[in-house]
Amino acid sequence: MISRWMLPAVVAVLVFVGGRAYAAGDPAVGQRLSTTCAACHGATGSGFNPQYPNLAGQNYRYLVKQLTEFKSGKRRNATMNGMAAKLSDEDIRHLAAYFASQSPKAAAGDRRLVKAGEAVYRGGDFGRAVPACMACHAPNGVGNAPAGYPRLAGQHAEYVFAQLEAFAKGTRDNDPNQMMRDIASRMSEQQMRAVAQYMQGLY
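Mature numbering (1 follows the signal peptide of the UniProt record, and there is no 0) puts the sequence shown at residues -23 to -1, 1 to 180.
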């Protein structure tokens, strides 16, 4: 029988084996297409507004999936749904290739919370049946590119917390096999805030 602690790793293998393959995009073309993106995400994908995600260095497969699902409406955000609706599948691949090729910038988390956040990230919470985040997102936070799991190292803490809350409430529901909704729903608000701060400074 597969335990909840083993499930993320098992799902990662299944996604890797059975997941959809995405054709490569051209970063140079993506850079030309990215001028509109810069207003919120910065010219190279390392923006300063903590409400919007850093895109620099994010995994290509994950970026393609999110843009595709913003376009289809499977992932809901009024601004991004409108922006992505104008993109062709080729545009999406080029943009993903551009942002994935950029170098993420270092950040720092709130020192009052990073120790508690590290405990959850690396060890989970057995009492709440919360697995360690690093099982899918890697010890250094770079994610799992073949499986499509995102890079979290250096991601804005405010954005990460908002996404964890959305998963917990079910208002974001484009996670494979409902995995993030299941995990986030068992986390306390304090754990979400702490692990978000730890991820922001994880380099």
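Glycine included, every Cβ here is placed at the ideal spot set by N, Cα and C.
Through-space distance from residue j to residue i, alpha-carbon basis
i: R88; j: H133; result: 15 Å
i: G24; j: R163; result: 30 Å
i: L10; j: N154; result: 32 Å
i: A73; j: R105; result: 35 Å
i: V(-9); j: G94; result: Bear in mind that a pLDDT of 42 at V(-9), under 50, signals an unreliable position, so the number given afterwards is only what the model happens to contain. So the alpha carbons of these two residues sit roughly 27 Å apart.
i: V(-14); j: G120; result: For V(-14), the pLDDT reaches just 46, beneath the cut-off of 50, and the residue's location in the model is therefore unreliable, leaving the point undetermined.
i: A112; j: T12; result: 35 Å
i: H114; j: A124; result: 10 Å
i: M57; j: K146; result: 20 Å
i: Q43; j: A161; result: 19 Å
i: N54; j: A61; result: 10 Å
i: G101; j: V172; result: 10 Å
i: R129; j: G50; result: Per the sequence presented here, residue 129 reads as Leu, with Arg not at that position. Approximately 24 Å, taken between the alpha carbons.
i: Q174; j: N31; result: 14 Å
i: V41; j: A85; result: 27 Å
i: D66; j: G178; result: 33 Å
i: C110; j: A16; result: 31 Å
i: T45; j: C14; result: 15 Å
i: L64; j: M157; result: 27 Å
Residues that DSSP places opposite residue i in a beta bridge
i: Y126; result: N121
i: V107; result: D102
C-beta atoms of residue i and residue j nearer than 9 Å
i: V107; j: Q168; result: yes
i: R149; j: R52; result: yes
i: E166; j: E135; result: no
i: H71; j: D3; result: yes
i: F76; j: T21; result: yes
i: G19; j: A33; result: yes
i: A139; j: Y39; result: no
i: P127; j: N26; result: no
i: G131; j: A83; result: yes
Among the options, nearest to residue i - alpha-carbon criterion
i: Y98; options: G86, Q8, A84, P116; result: P116
i: M176; options: F144, M156, A96; result: A96
i: N151; options: K48, N26, E67, C14; result: K48
i: Q8; options: S78, A139, Y39; result: S78
i: D68; options: A5, A139, L179; result: A5
i: Q28; options: L64, F144, K63, V137; result: V137
query: Which parts of the region 3 to 77 are runs of the alpha helix (DSSP H), unbroken and 4 residues or longer, counting only runs that do not cross its ends?
result: 4 to 10, 15 to 18, 37 to 49, 55 to 62, 66 to 77
task: Let me know the alpha helix (DSSP H) ranges lying completely inside the region 131 to 166, each 4 residues or longer, listed in chain order.
output: 134 to 146, 156 to 161
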